[in-house]
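Step one of this worksheet: look at the structure below.
Residue numbers (our numbering): 6 to 402.
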């Protein structure tokens with residue numbers, strides 16, 4: 006019989022990390038006939054807004070009681086299964102509340118099926134670049150804590166990661182037998198909008214730690230010598246660990262023309278931001294998980310320029326995305342890659358179409374089926390899913 010599923014996630018109009026993923030994942034689950042009811046246990050807002058009755062805002066960023074509050078609400082709702090949409094900093098940028106929040110899936114398992122979708126692993130995050138550890142002692146302590154809380158998360162009935170390499174790490178380093186692959190998936194993949202008339206570079210995300218805009222602004226200055234009408238759009242906000250970063254960068258480069266800092270981009274404005282770009286740039290120094298921005302670039306059929314590092318390199322190898330590469334932090338290398346696409350619309354279109362095909366290969370609708378398949382198996386039910394999940398080598402447990 007159909008199930009009652011709970012989803013624990015940041016959720017718009019909250020601006021918390023993974024809020025967009027939570028929104029689209031909820032939409033994918035709600036469409037499934039196997040799901041009779043979906044309850045969303047979300048982070049609180051600074052002001053009251055009118056929302057659907059199935060959205061329950063009970064936990065807050067940097068609240069040490071989040072795990073208790075979440076499980077209290079789960080006890081009230083009594084779902085058949087709960088899915089936690091998490092990364093290691095979901096519950097705070099302060100160490101104690103961030104860590105304690107990660108106990109929520111373990112606590113939940115006492116009374117119901119508990120699933121964790123983990124978007125990053127401590128082993129794959131450069132803690133210094135990400136703004137979490139600025140000296141070796143803190144870094145060592147955080148690595149030890151990361152190991153302990155990864156083991157706590159593995160107390161979930163199942164833990165899913167978005168990258169095959171992450172599954173291998175959990176199995177090899179932690180002996181996990183309950184880890185499986187659930188790829189990130191793309192959101193609503195539709196038609197590709199025409200490229201804009203003015204050559205436009207766009208970067209998207211939360212900036213100031215491992216995503217730095219200075220190299221992009223310097224490249225923009227060089228591009229203007231050859232493409233006077235080139236535009237640069239910096240779409241997004243500061244990382245929680247780098248408050249005030251974008252304001253400082255905007256002042257420092259105020260002499261440059263055709264530069265737009267959009268601030269936080271609401272969910273309804275995301276299609277326009279991507280469709281108005283010729284190329285999406287990734288000024289990353291390291292990575293912290295499967296790139297939602299690259300999946301969105303594919304969703305909207307846009308070319309990408311990015312360093313071939315970490316999880317970005319994995320996405321090219323594993324999911325078929327394509328990009329022109331540059332050396333991290335190297336202005337000349339980035340300028341050359343951007344110019345190659347901005348001066349050749351046909352090539353930009355070709356790369357965008359390749360990324361659109363990659364995005365269409367695994368959608369969030371497919372990912373939802375992955376979860377329902379595993380949940381139904383653990384509940385001892387046999388269902389015919391609306392769309393059978395595409396087979397993947399690392400997806401079996």
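Note that the Cβ used here is the ideal one computed from N, Cα and C, for glycine as well.
Can you tell me the Cα-Cα spacing of residue 19 and residue 359, whole angstroms? 32 Å
By the three-class DSSP mapping on this structure, what secondary structure does residue 337 have? helix
Taking residue 80 as the reference, give the member of 44, 50 and 53 with the closest Cα. 44
For residue 48, write down the residues that DSSP places opposite it in a beta bridge. 64
Between residue 311 and residue 327, what straight-line distance do the alpha-carbon atoms span, to the nearest angstrom? 10 Å
Do you know whose CA, among 260, 300 and 242, lies nearest residue 279's CA? 300
Work out the CA separation of residue 177 and residue 227 for me, nearest whole Å. 46 Å
Neighbourhood of residue 266 by C-beta, 7 Å cutoff - its chain only, sequence neighbours within 5 removed: 239, 251 and 255
Taking the alpha-carbon positions, what's the residue 61 to residue 249 distance? 31 Å
Quick check: the stretch 109-117 against the stretch 49-59, are there 3 or more CB pairs under 8 Å? no
Counting Cβ pairs closer than 8 Å, one from the stretch 11-28 and one from the stretch 166-186, do we hit at least three? no
Return the chain-ordered list of same chain residues with a C-beta closer than 6 Å to the C-beta of residue 4, the five sequence neighbours on each side being excluded. With the chain represented from 6 up to 402, any question about residue 4 goes unanswered, as that position is not in the structure.
Exposed or buried, what is residue 36 when buried is set at 16 or more other beta-carbons lying within 10 Å of its beta-carbon? exposed
By Cβ distance below 7 Å, which residues in the same chain neighbour residue 112 in space, the five residues on each side in sequence not counted? 72 and 76
CB-CB under 7 Å to residue 354, same chain, minus the five flanking residues each way: which ones, in chain order? 200
Under the three-state DSSP convention, the category residue 218 falls into: coil
Assign residue 6 to buried or exposed, taking buried as 16 or more other Cβ atoms, counted over all protein chains shown, within 10 Å of its Cβ. exposed
On the criterion of 16 or more Cβ atoms from any shown chain inside 10 Å, does residue 230 qualify as buried, or is it exposed? exposed
Boundaries of the alpha helix (DSSP H) in which residue 380 is found, first to last residue: 369-383
Relative to the alpha-carbon of residue 189, which residue among 64, 196 and 91 has its alpha-carbon at the smallest distance? 91
Exposure label - residue 346; buried when at least 16 CB within 10 Å: buried
Got a sec? Which residues, its chain only, sit under 8 Å from residue 65 by beta carbon, not counting five neighbours each side? 48, 49 and 71
Please state the DSSP three-state secondary structure of residue 350. helix
With a floor of 4 residues, list each alpha helix (DSSP H) that falls wholly inside the stretch 171-244, ordered by position along the chain. 219-228
Beta-carbon separation of residue 325 and residue 361 under 8 Å? no
Residue nearest to residue 339 in terms of C-alpha spacing, selected from 33, 38, 223 and 125: 223
Roughly how many whole angstroms lie between the Cα atoms of residue 308 and residue 336? 19 Å
In whole angstroms, what is the alpha-carbon distance linking residue 122 and residue 323? 19 Å
Contact under 8 Å by Cβ, residue 67 with residue 27: no
Element boundaries [alpha helix (DSSP H), containing residue 119]: Per DSSP, residue 119 belongs to no alpha helix (DSSP H); it is in the beta strand (DSSP E), 118-123.
Best match in 276, 272 and 313 for proximity to residue 289 [C-alpha to C-alpha]: 313
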